[in-house]
Amino acid sequence: MVKVSSLSHIFGKNTELSFKDWEVKTGQQWLLLGKSGSGKTTLIHILTGLLNPQKGKIYINDTDIYSLSPSKLDSFRGKNIGIVFQQAHLIKSLNVYQNLSIAQSFAGLKPNKQRITQVLNELQIGHKIKNYPHQLSQGQMQRVAIARAVINKPALLVADEPTASLDDENAQIVLELLLSLSKTNGSTLIVATHDARLKPAFTHQYIL
Amino acid sequence: MNILSISFKSIKANKLSAFLNILLIAFGLCILTVLLLASHQIQNKLENNAQGIDAVVGAKGSPLQLILSSVYHIDFPTGNIPLKTAEDLAKNRMVKLAVPLALGDNFNGYRIVGTNSNFIKLYHLKLAKGKFFNKNFEVTLGADVAKTQKLKVGDTFFGAHGLADNSDIHNNHAYIVTGILTPNANVTDQLVLTNLESVWHMHQHEEEIATQSSLPESPLPAAQMPTAEITSLLIQYKSPISTILFPKFVNQSTNLQAASPAIETTRLFSLIGVGVVTLQYFAVLIMAISVISVFVSLLNSLKQRKYDLSIMRTMGASKTKIFLIVMLEGFILSLIGTILGWLFGHLLLQYMGSLQDAGQAKLTGLIFLQPESYLILVGLSIGIFAALLPATAAYRYHISKILAGN
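One line per chain: the protein sequences are X and W, in this order.
In this note's numbering, each residue carries its 1-based index in the first sequence increased by 9.
In this note's numbering, each residue carries its 1-based index in the second sequence increased by 1.
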């Protein structure tokens, strides 16, 4: 499903980050573990087509994503990859429903209210559908961010430190949601974190 | 959701800044629209009303005043001139057509003009109803006079002494409407036309009342009125060369003056033009400020929204879509500002027109001029121009750096 081959990325003039080869099979749930500054975010951005690496190849569903033209890569990302960041980064001028429906639009799909309601209900925030980001708590915002990432049933669901800004209770809820939603949607899951306490929840780990 | 609604919602989220930007664009465009419409209408009226008139002969005084009173019917005449002298001038070999005018009365603010059939020839007047004035106290009404005063053929009314005042009514002799003109889009729409004798008789009668003498049954023919006077004489030359010769002849051989409508209106317009140009500069300055204002507010909002736009990229939005979202924001602001400014410009001019006393120079906002489309294009391009740099910056965002917080 995901294949990382001979990958390295150079920062500035001298700093080079090299990543060992990695193969993720469809439906697997991986923990990408590493200390701060080890290159987790860099690897996540490269995997999701946000950062073009200097060397190496990334294959997602047998597609060499960096061989695609920029616009095709954007389209590929919208249709196949869902991303959750440390911060929810919801669009402030849009309400919860609109934040999810633009994810459908940008992926070239028609807005599907039924699907949006279903996902929000699964995340137990269905009643917040008309609320704007400033009317939500931190935990609710992160759930909306997860909903946005899974709304198009992506083949690959990637989360970069999704629990770092949450308290323990919310962190646990968010992690469980990511694990269960990736299963129900048939998505491959990669969660990047520095928190070794998450290790038991994953059968596969990639250590940086 | 399409990119248009994303842009629109982003503007809605910054209501105050959007309102101020729209206000600036609308204000600038409103002034430019008023100036364009007003100067076009004034110039048009000046040209239309003076068409076919090469010179005006009248009593000595301000030539501009003579033109304004005899051609545009908006100022007081410089005085009267002897009919005999006017008749002599009319027979001059340089003159193709001479139209005598006798002013002095009005009907509810509309000037009653004593004249002859040459006036009909000069302005190519046509009748909508009835016939032209022929006998004494018969009048032919301009289209606007008939419409606003609700007069029809056969109706009668009394004129009042003076050119605007309605207090001194000549209630001994009523005028009878014999005809109504077709609209001509010039000053004749606002006039009440009668023969010279009617005006003379009206005033002769007044003089006789003043001396307690009896009134004759019918007015004397002009030839039998030794002191008969008219206000002015409109002249059409046989040849353009007379433009120089005729005024010189009049000024040297008579006690009168000959003024050229073309020269006087150019002089008048150059005087008005100073104010118009100043206002135009002012409006252009406001438009320039609005470009800067839209630019600054888009750039500021971009700083706050760099995560929003980067997140859109992670959802599959292409760089071009991000560029268009920002461009559309600028365009929407200028579209609303332009429409409002254009509408307010027309409404303001219509309102200004309704406050004007002189119907002859009335301005209207209920017209659309072709150059207005350029004005609208300029208004619309403000937002596009101002959004170009912020949109390019958004297009070039390094989303990985932004999302990593660097």
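Backbone N, C-alpha and C fix where the C-beta goes; we use that ideal spot for every residue, glycine too.
In this structure, the CA atom of residue 301/W is about 16 Å from the CA atom of residue 311/W. Going by C-alpha positions, residue 22/X is about 12 Å away from residue 63/X. For residue 54/X, the neighbours in chain W by C-beta distance under 9 Å run, in chain order, 400, 401, 404, 405. Counting along the chain, no beta strand (DSSP E) covers residue 141/X, and no H or E run does either. Residues of chain W with a Cβ closer than 8 Å to the Cβ of residue 168/X do not exist, since the nearest Cβ in that chain sits about 12 Å away. From the listed residues 50/X, 112/X, 55/X, 101/X, the smallest Cα separation to residue 15/X is found for 55/X. Leaving aside the five residues that flank residue 25/X on each side, the residues in its chain whose CB is nearer than 8 Å to its CB run, in chain order, 17, 18, 19. Residue 258/W carries a strand assignment under DSSP once its states are collapsed to helix, strand and coil. Across the region 384-396 of chain W, no CB contact with chain X closer than 9 Å is found for any residue. In this structure, residue 105/X lies away from residue 67/X, with their beta-carbon atoms at least 8 Å apart.
Rounded to whole angstroms, the separation of the alpha carbons of residue 294/W and residue 339/W is 15 Å. In this structure, DSSP gives residue 145/W a helical state, which the three-state scheme calls helix. Using beta-carbon distances, residue 134/X does not count as an interface residue toward chain W, since no partner is under 8 Å.
Between residue 90/X and residue 13/X, the C-beta spacing is not below 8 Å. Proximity of residue 317/W to chain X, defined by a Cβ-Cβ separation below 8 Å, is satisfied. In the three-state reduction of the DSSP assignment, residue 154/W falls in the coil class.
Counting along the chain, residue 32/X sits inside the beta strand (DSSP E) bounded by residues 31-33. Within the same chain, 50, 73, 74, 361 come within 7 Å of residue 188/W by CB-CB distance, once the 5 residues on both sides are set aside.
Listed in chain order, the non-local C-beta contacts of residue 349/W below 6 Å within the same chain comprise 35, local neighbours out to five positions each way being set aside. In this structure, the alpha-carbon of residue 384/W lies about 20 Å from that of residue 305/W. Put simply, the region 81-97 of chain W does not touch the region 161-180 of chain W. Fewer than three CB pairs are less than 8 Å apart.
A distance below 8 Å separates the beta carbons of residue 291/W and residue 22/W. In the three-state reduction of the DSSP assignment, residue 41/W falls in the helix class, which pools H, G and I. The three-state reading of DSSP puts residue 162/W in strand, counting E and B together. Contact annotation: the region 144-157 of chain W does not touch the region 96-107 of chain W, with fewer than three C-beta pairs closer than 8 Å. Contact between the region 55-70 of chain W and the region 238-246 of chain W is present, with at least three C-beta pairs closer than 8 Å.
Using a Cβ-Cβ cut-off of 8 Å, residue 115/X counts as an interface residue toward chain W, since at least one Cβ of chain W sits closer than that to its own.
Residues of chain W with a Cβ closer than 9 Å to the Cβ of residue 46/X do not exist, since the nearest Cβ in that chain sits about 11 Å away. For residue 366/W against residue 351/W, the beta-carbon gap comes to about 3 Å, under 8 Å, which counts as contact.
When CB distances to chain X are screened at a threshold of 7 Å, not a single residue of the region 38-62 of chain W falls below it. With a cut-off of 8 Å on Cβ pairs, the region 275-287 of chain W is in contact with the region 25-42 of chain W, counting three or more such pairs.
By the CB criterion at 8 Å, residue 251/W and residue 259/W fall inside the cutoff.
For the region 73-103 of chain W, the set of residues with a beta-carbon nearer than 7 Å to any beta-carbon of chain X is empty. In this structure residue 289/W is exposed. Its beta-carbon is surrounded by fewer than 16 other beta-carbon atoms within 10 angstroms. Residue 165/X counts as buried, since at least 16 other C-beta atoms from the protein chains shown sit within 10 angstroms of its C-beta.
Within the same chain, and ignoring the five residues on either side of residue 266/W in sequence, the residues whose Cβ sits closer than 8 Å to its Cβ are 47, 48, 51, 68.
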